[in-house]
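Down below is the structure, laid out as C-alpha cells.
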Amino acid sequence: MDTLIQQIINGLVLGSIYALVALGYTMVYGVLGLINFAHGEVVMVGAMVAFSAISAIAGINPGLPGWLLLSLGMVAAIPVCMAVSFTVEKVAYRPLRTAPRLAPLISAIGVSITLQTLAMIIWGRNYLIFPTTLSQDPITLFTFHNTVADAPARTISLTPVQLTIVVLSSVLMMGLTTLVNRTKLGKAMRATAENPAIASLMGINPNAIISATFMIGAALAGVAGVMVAANYSVAHFYMGFLPGLKAFTAAVLGGIGNIYGAMLGGLLLGLVESLGAGYLGQLTGGFLGSNYQDIFAFAVLILVLTVRPSGLLGEKVSDRA
Amino acid sequence: MSNTLLSIRGLTKRFGGLTAVDAVDLDIAQGTITGLIGPNGAGKTTCFNLITGLYTPDEGHFQFKGHRFFPHNPADVAKLGIARTFQNIRLFQTMTVVENVMVGFHTQSKAGAIAAILRLPSQRDEERRLRDQSLKLLDYVGIAQHANYLASELSYGHQRRLEIARALAMNPSLLALDEPAAGMNGSEKLQLKELLLRIASDGKTLLLIEHDVKLVMGICSTVTVLDYGKVIAQGKPAIVQKDPAVIEAYLGGLHHAG
Amino acid sequence: MLAELIPEGQAQAMSPILSIEQLTVHYGGIQAVKGVSFDVMRGELVCLIGCNGAGKTSTLKAMAGLLPFKAKRAVYNNSVDLNTLAAHQRLALGMALVPEGRGVFARMTVEENLDLGAYCRHDQAGIQDDKERVFTLFPRLKERRKQSAGTLSGGEQQMLAMGRAIMGRPDLLLLDEPSMGLAPIMVEKIFDVVQSIHAQGLTVLLVEQNANLALQIADRAYVLDSGLIDFHGKASDLILDPRVREAYLGES
Amino acid sequence: KDVIVKIGHIAPLSGPQAHYGKDNEQGARLAIDDLNAMKIQLDGGTAKFELVAEDDAADPKTGAIVAQKLCDMKVNGIVGHLNSGTTVPASRIYHDCGIPQITPSATTPKITKQGFDSVFRVIAHDGVLGVALAKFATADLKAKKFVVIDDRTGYGQPLADIFAKQVQAGGGQVLERQYTNDKATDFAAILTSVKAKNPDVIFYGGMDAQAGPMLRQMKQLGIKAKLIGGDGICTTELSKLGGDNVGDNVMCAEGGMALSKMPGGPAFEKRYKDKFKSDIQVYAPFVYDATMTMGMAMKEAKSADPKKYLPKLKAISYKGVIGTISFDENGDVKNAPVTVNTYGAKGKTPLTIIQ
Amino acid sequence: MLVAVALVALPWVVGDLGNSWLRIVNVALLYVMLALGLNIVVGFAGLLDLGYIAFYAVGAYLYGLLNSPHLTDNFEWIAAQFPDGLHVSLWLIIPLGAAVAGLFGVLLGAPTLKLRGDYLAIVTLGFGEIIRLFMNNLNAPVNITNGPQGIYMIEPVRIGTIRFEKTVHVFGLDIPALHLYYYLFLALVLIIMVVSLRLQDSRLGRAWTAIRDDEIAAKAMGINTRNVKLLAFALGASFGGVSGAMFSAFQGFISPESFGLMESVIVLCMVVLGGMGHIPGVILGAVLLSGFPEMLRHVVAPLQEQLFGEVLVDAEIIRSLIYGLTMVLVMLYKPKGLWPERKGRNSPSHTEATT
Ligand SMILES: Nc1ncnc2c1ncn2[C@@H]1O[C@H](COP(=O)(O)OP(=O)(O)OP(=O)(O)O)[C@@H](O)[C@H]1O
Ligand SMILES: Nc1ncnc2c1ncn2[C@@H]1O[C@H](COP(=O)(O)OP(=O)(O)OP(=O)(O)O)[C@@H](O)[C@H]1O
Ligand SMILES: CC(C)C[C@H](N)C(=O)O
Ligand SMILES: [Mg+2]
Ligand SMILES: [Mg+2]
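Residue numbers (our numbering), protein chains in the order written: chain A, 1 to 321; chain B, 322 to 579; chain C, 580 to 831; chain D, 832 to 1186; chain E, 1187 to 1541.
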C-alpha cells in the first residue's frame, strides 16, 4: 500500500514535469503543425541559466534563502528561454512557413544540435552540480505501522522540491488554460493554428501570435528545466533530450495540439512509467523487470493510439469530403 | 425497374443530434443523368459520402447492378464501378495532370511491385497504354494542353475538369459529380454541359449535385430534391421545378420566374 | 472618362478608395496577373469577371496582402500604400476579404468565427449588435451557432464567411465568388445581402463567375482575361455587350 | 634531431559522454607532456610525442572510421577507445594494420579475448571488479540481502551480472534486479520498489552521473542501504553529484591502487587540476598510465616502430599512478589490485585493497 | 559511362588518399541504402517514420547471429546441429535479411495504418525504441542478443572462397577487403536505386504519391490504401534490412547503441535534406550527411593549425556546430532539399520548351 501510494506520488512529480514540457510541444504543434525538436533544449537552457544565475547570486550574497535563490534563478532563466525560443522561431522556422512539411522538422533537429553544442561551449561538458536551494529532505506524509519487526519504517514522503514542482505546474497549467480559453490571445492562437493566412484577414498578426506561442511554451519549459535541475541537482548540456522525448510522447498520447491532452498525457506518462518500473516485475511474475519500463510505456502509447488514433483528447479530425 | 443501376432505400446518417440524411430513397436508372439538388446543408454531399463509403451509413440498403452491397470502404466501392468528384476539389497536388488521371486507372490496371521492379514487358505495355488513355481523357475534357502541369498549377475550373477526367479513368458505371460547375462562368458552364451530355451519351450513368438550376434542369432526366436530409420532391425536372415546396426551400423567386 | 461611367447619384463621392496601376502577381516563375489597372470609387460596387484562371483571385489576394505583388501604384484610401502594408493591418483600415473557398475556421464554432471577424474591434455593444444583424441576415447561422464550422455545408460556410467579414465593419469588402456552390435561393439571398450592405454605403469589389447576376447589381465592371484587363465599363452596358454575352454569360 | 612519435587517442568528445572523453584526453595530454620532458632517445633522435586526439562520439561505426584514419596516419600507438562498444570494432582495425592499442577504460572482458596480440588494457576488467566487489560485500560487509541495479549499457550490465552471480555464489541473496539507463536522472520509481525489499546493499552497475542523483533520491525515500559500485561511480565527482548522502554508505572499487595511496597520486591530481581547471572525472589516471606505459615500451625498445616496441610492451613493468602495470598473456593488466574506496569528510578515501 | 568508370575506379583513387576515406565511402553507401529505403516510406508514401533504424537493426542482428559464434556458444542444441559454427552464405543472407526486415516492416506498419502524420511518427518512434530495447534486454533469461554487450566476432562477408578479410587475391590481383566491400555495397546500392526508380515510376509509385497527397481521394480511386501502405513499409524495411546485414559484416561487431533514435533521425534528415522523393537527391543527402562530419574531421583541426598555428577551439565542437547549422541553413535556402524533383511548369522539360 505504502509502495503504491509512493509510486503514484513519484509518477505525479515526474508527470508534472513532462506535462509542463509537453505543453510547449503541443502549443507549437497546435499553431504550426511543427514538432519542435529543439524544445527539449530549451529545458536544458533553463536549467543552465538558472545554474549560472544562482551560482553568481549565491556567490555575491551567500545568505539568501533557498526559495529566493530559486525564484531568482527562474527570473533569470525564463526570459533567456523565451529569447532563445523567439530567436529560433524567427530565424529557423519562420522562413519555412510555406515550405514542405518536413523542412522545419529538419531545421528543428539542426537547431537542437546547435543549441546543445553551444551549451557545451558555454557550460562545458561536465555534469554541473545544481546548487541546493529548496530542501531535498523528505517530509513524511504518512507512516504505516510495521507488521514485521526491524523492518524499515514504511512511509510516504515528498520533498519540498517535489511539492513545489507539483504545485507550480498545476498553477501554471491553470493559468495557461485560462489564457487560451478566455482571452483574445487564445482565440487568435487557435485561429492562427488553423489558417494563418485567413487569420491575418481578421486583423490577427500571425507572426506575433506564433512568437507569443513559442515564448509561452519556452517559459514553461524554462520552469521545467529549473525544477528538474533543482530536483535532481544536476545540469548537463544533454539533459534536455530525455525530457524532450518523453514530453513529446506525452503530448501525442494526450492528443497533440490539445493543451488538456498535454497535461493529461504528461501525468499519465509519469504514472505509467512509475508504476511500470515499480510493478512490471510483480505483474509478470518477475519475467519482465524495470528494463522493460520504456517498452511498457511505448506499448501503452501505441495501444492508446490504436484505439484512439488522435490521442486521448485529440479531436477527431473530421474528414469532410 | 429492370434498368436500375443503383437503388438506395432508407439511407440515414446522423451526426450527433443532427440527422443529415433522413431515410432517403433513390433510384438511378442506367444511362441517365440524375440530379440531386437541395438547399445548402440539405445532405447532398453526405449522400455521396455514404454511397462511396467515406461515411458509414447508420441505416440503409443498397443495390448496385442488381446486387446488394454495403459501402464499407471507398476503395471497394470504387472497384464496384462508382466514381466521384469532390465538392472541395481533391486532386493529387504534387502530381502532374496526366499522372492524376493515371491514378484514376488504378483499378483498371494490375502491374504489381514485382512487375514494376523487373520492368516486365507487360508492365511497360500497360504503362504506355495508361498514359495514352489518360492523355485521351484529358483531351476529352479539354485540358490536354496542361498535361504536364502540376495539378496545383491549374486554375479552379480546370481542376474541376481534371477531377472529372480522373473519375472517368476509373471507367465507372456510375459517375457521381459534386457541383462540377461551381466556379464556372456561363460560357464555361455551357462547355461543361456539353461535356456531361457527351459522357452520358457515351454510356455512363451520371449522378449530379449542382446548384445551377439551368444546368440541372437542362440535362437531368430525373431530379431528387433534398431538404433537411429528407426527400421533398422527386421526378421529372419540369414537374419538380414547379413544386411549391421546392420553390420555397430551394429555388426562390428568381429561378421560378426564369 | 471615369466620370461618365459613374452613376449620377454617386458623382459627389468620386474619390477612389482603391486605386491600382499595373499590378502584377507571380507564382514562382509564372505570371498570373500581368499588369492590371483599376479603380474602385468610394461607395461603388465594382465587379471583376473573367474566365477560369484569368487572375481574379490572384488580384484580390494581392489586394488583401495574401500574395506578394508588384504595382506601379497601389493605393488604398488615397494615402495608404498597399505595398508596405501587412495583411493583418488591412482590416483595421477597413478592408475585408471574403476569400474564395470561404476560409472559415473549421475547428471553431460558428460563433467563434464571427467573434474573430470582430477581432480588431473593441466596442462590445456594437459587436453584439452586428452579430444580431448577421443572424438576421442568415438565420441558418443562428441555428448552428455552436456547431464547428468545418462541419457546415458549403453554403452555410459561405454565409459564415460573409457574416464574419461584416463583423469587421469594413469600408471596402472584397468578395471572391460568393455565389459559388450556393443553392439558387441562397445565391439570391447573398446577392440581396451584397446589394443591401452596398446600399448602406459599403464599397464592394466583387469577383463573380455568375456574371449575369453580378452585372445586374454592379455599378461598373472590369473584364479580365489571361491576367490582363480586356475592357471595362458600366455594368448596365456590359451586360448587353455581345463580347460579354458570348464569353461570360454563356449565350451564343 | 626530433623524431615525431604520434599517439592516437580516441574517446567521445561530443554527445552525452563528452565529459568522460575530454577527461580521458586530458589524462593523455599530461602523459605526453611528461614523456616529452623525459627527452627519450629513440630511432636516432629525441622523441617528440604528439597526441592525435579524435572524437568517436561513442559510436562504434564512427569509432571504426577514426581507427582507420589513425591507421592511415601511421600513428605509432593508440590509447583508447573509451567505450567497450567502440573499442571492439576498432581493435580489429588496429590489429590489421599492426598498431598496438591500450585501452584505459573499456572494461568488457571480451576485448582482450579476441586473440589480438596487440591489444592491452590497463584497467581491471568487469570480471575482476565484479568478483572483487562481491567478495568484499559478502565477506567484509557481511551483507546478505542485495538489490542489483544496472544501466543497461555494455559497461553496467555485465558488471552487475558478474556481481550478482558472484554474490549468490557467496551465499548472498539478490532480492531484485532493477534497471535504468545512462541518461536517466529519476530513479524514484525503482528505488521505491527497492525500498519495499529492504536490502542491505544496493549495487549499481553504471556511472557516477546516475549514481549521484540516485543517492540523493535514496535519502529522500529514506533508504538506508549501502550503495556499492564499480569504477564508473568511483569518482571524486560523486560526492558532489550525490550531495550529503555520499559518505561511508557508499563504496566503490577501482582497478589499481588508489590515487591517494600512490606515490605520484596526489601530485597527479593537483597537476591535473592546475592544468585543466577541472576535477578528474573518472579515468584520467588510467589514460595517463596507459600513455606512459606505451612511451616506456618505446623507450625500452629505443624505437617507436610497433614491430620493435610491441615485444617490450608485452613484457613491460611500469610503476604508474594507479599501480605497477604489466600485462598477462591476453594483454590484461596483471594481478591488478582492486581498491575499495569509501567517502568521508575529505572525499574519496581508500578502504581496503583486494589483491 | 563516365560515371561508371569513375565509380569503379573510385576506391583505388580514394584508397590512395587513405583507407579511412574508403571506409567513409563504404559507410556512406550503407546510408544510401538506408536513405533509399526510408525514402520509399517517407518520400513516396508520405508516412513519417521515426523508427526506421529498427529494420537496420533487424538486418544487422540477423547477420550477426547467423554468422558469429554467439548462438552456438549459448545454445547447445544449435552447437550440436552446427558443429563448425554458423556460416550463412551471402546469397542467402541478403534475401533473408530483406525478407525478415520486410516482415517487421509489415508488423510495424499494421497498427499504424489508421494514424495520420505525426501520430504515425511517434508510434514508429516507439516501435524503433521497442526493438532497440528488446535487443538491449534479450540477454536474459535466454541470451538471444547478448544485451548491451552486443555481438562479437561476426564473420566478414564470404562469396564462394573469397573472404572479405585483409587483402584478398582474386583474378591475380591483390584487392584489399575494403575495396571488395565497396564493390559489394555499390552493387547493392545500384540495385536498390534501380528498384526505387522503377517503383516510383509505376502504378504502385503513383498510388503511394496519391496517398501522400490525399488519402481520401486515393481511396476513392479504388486504391487499397492499407495494402499499399504496408507494401511501402515492407519494401522500405527490406532495404534497411539489407543495409543492416552489410553493416554487421563490415563492422564485425554490433550492439544496440548503434540503433538509437538519433540514427533514425539522421537517416530522415538525409532523405529530406537531399530532396524527399527524388532518388538522386536522397542519395546526395545520404552521401553528404554521412561524409560531411568526417570531412570536417579532416579539415577543421588542420585548418586551424594553418591559420592560427594551434587548435583554438576543439575540433569536435566546431564539427557539431557546423553540422547543426548546416541542417538549418540548407533547409532555409533549399526548403525542398538540395536536389528536389522538378515537375510541372517548373520542370526541365517545360523550361526547355519555353526557352
Ligand atoms: N462530419 C460531419 N459532422 C457533423 N456534421 C456534418 C458532417 N458532415 C456534414 N454535416 C452536416 O450535415 C448537413 C448536410 O451537409 P452536406 O455537406 O451533406 O450538405 P450539402 O447538401 O452537400 O450542402 P451544400 O450544397 O452546401 O454542399 C450539414 O448541416 C452539415 O453541417
Ligand atoms: N499556387 C499557384 N501556383 C501556381 N500557379 C497558380 C497558383 N494559383 C493560381 N495559379 C495560376 O494563376 C493563374 C490565375 O489564377 P487565379 O486563381 O487567380 O484565377 P481566377 O481568375 O481566380 O480563376 P477561377 O475562376 O478558376 O477561380 C492561373 O493560370 C493559375 O493556374
Ligand atoms: C565510460 C564508461 C562507460 C566506459 C566503460 N567502462 C566501458 O567499458 O564501456
Ligand atoms: Mg455539398
Ligand atoms: Mg478564383
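All residues carry an ideal CB built from backbone N, CA and C; glycine is no exception.
Is the CB of residue i under 9 Å away from at least one CB in chain C?
i        : result
A:Gly203 : yes
A:Glu194 : yes
Using a Cβ-Cβ distance cut-off of 9 Å, determine whether residue i contacts chain E.
i        : result
B:Tyr477 : no
D:Val844 : Note that residue 844 of chain D is Leu in the sequence shown here, rather than Val. So yes, D:Leu844 belongs to the interface.
Residues in its own chain within less than 6 Å of residue i by CB, not counting five upstream and five downstream?
i        : result
C:Gln589 : A caution first: C:Gln589 carries a pLDDT of 49, below 50, which makes its placement in the model too unreliable to give a value.
B:Ala578 : Confidence at B:Ala578 is low in this model, with a pLDDT of 38, below 50, so its placement is unreliable and the value that follows should be read with caution. Answer for B:Ala578: no residue qualifies.
Output yes if chain B places a C-beta closer than 9 Å to the C-beta of residue i; else output no.
i        : result
C:Cys630 : yes
C:Gln774 : no
C:Tyr606 : yes
C:Val766 : yes
Does any residue of chain A bring its CB to less than 9 Å from the CB of residue i?
i         : result
E:Pro1442 : no
E:Asn1225 : no
C:Cys699  : yes
E:Asn1413 : no
E:Leu1251 : no
E:Met1407 : no
C:Arg719  : no
With 16 other CB atoms within 10 Å as the buried threshold, where does residue i fall?
i         : result
B:Asn361  : buried
E:Ser1434 : buried
E:Leu1278 : exposed
B:Ile435  : exposed
C:Asn692  : buried
E:His1256 : buried
E:Trp1198 : exposed
C:Lys635  : buried
D:Ile896  : buried
If you measure between the beta carbons of residue i and residue j, is that distance less than 9 Å?
i         : j        : result
E:Lys1300 : A:Thr306 : yes
D:Thr1124 : D:Ile863 : no
D:Gly876  : D:Val906 : no
E:Asp1387 : B:Glu448 : yes
B:Gly381  : B:Leu327 : no
A:Met238  : A:Thr177 : Position check: residue 238 of chain A holds Tyr in this sequence, whereas Met was assumed. For A:Tyr238 and A:Thr177, no; Cβs fall outside 9 Å.
C:Arg748  : C:Asp709 : yes
Give me, in chain order, the residues of the same chain whose beta-carbon lies closer than 7 Å to that of residue i; leave out the 5 immediate sequence neighbours on both sides.
i         : result
E:Ser1450 : Leu1236, Gly1237, Tyr1238, Ile1239 and Gly1314
Starting from the C-beta of residue i, find all residues in its chain whose C-beta is less than 8 Å away, skip the five residues before and the five after it, and write them out in chain order.
i         : result
E:Ala1420 : Gly1288, Leu1289, Gly1291, Val1292 and Gly1295
Could you name the residues, in chain order, whose CB is less than 5 Å away from a heavy atom belonging to ligand 1? A:Ser318, B:Phe336, B:Ala341, B:Asn361, B:Gly362, B:Ala363, B:Gly364, B:Lys365, B:Thr366, B:Thr367, C:Thr730, C:Leu731, C:Ser732, C:Gly733 and C:Gly734
Specify which residues have a beta carbon nearer than 5 Å to any heavy atom of ligand 2, listing them in chain order. B:Glu474, B:Ser476, B:Tyr477, B:Gly478, C:Tyr606, C:Ala611, C:Asn631, C:Gly632, C:Ala633, C:Gly634, C:Lys635, C:Thr636 and C:Ser637
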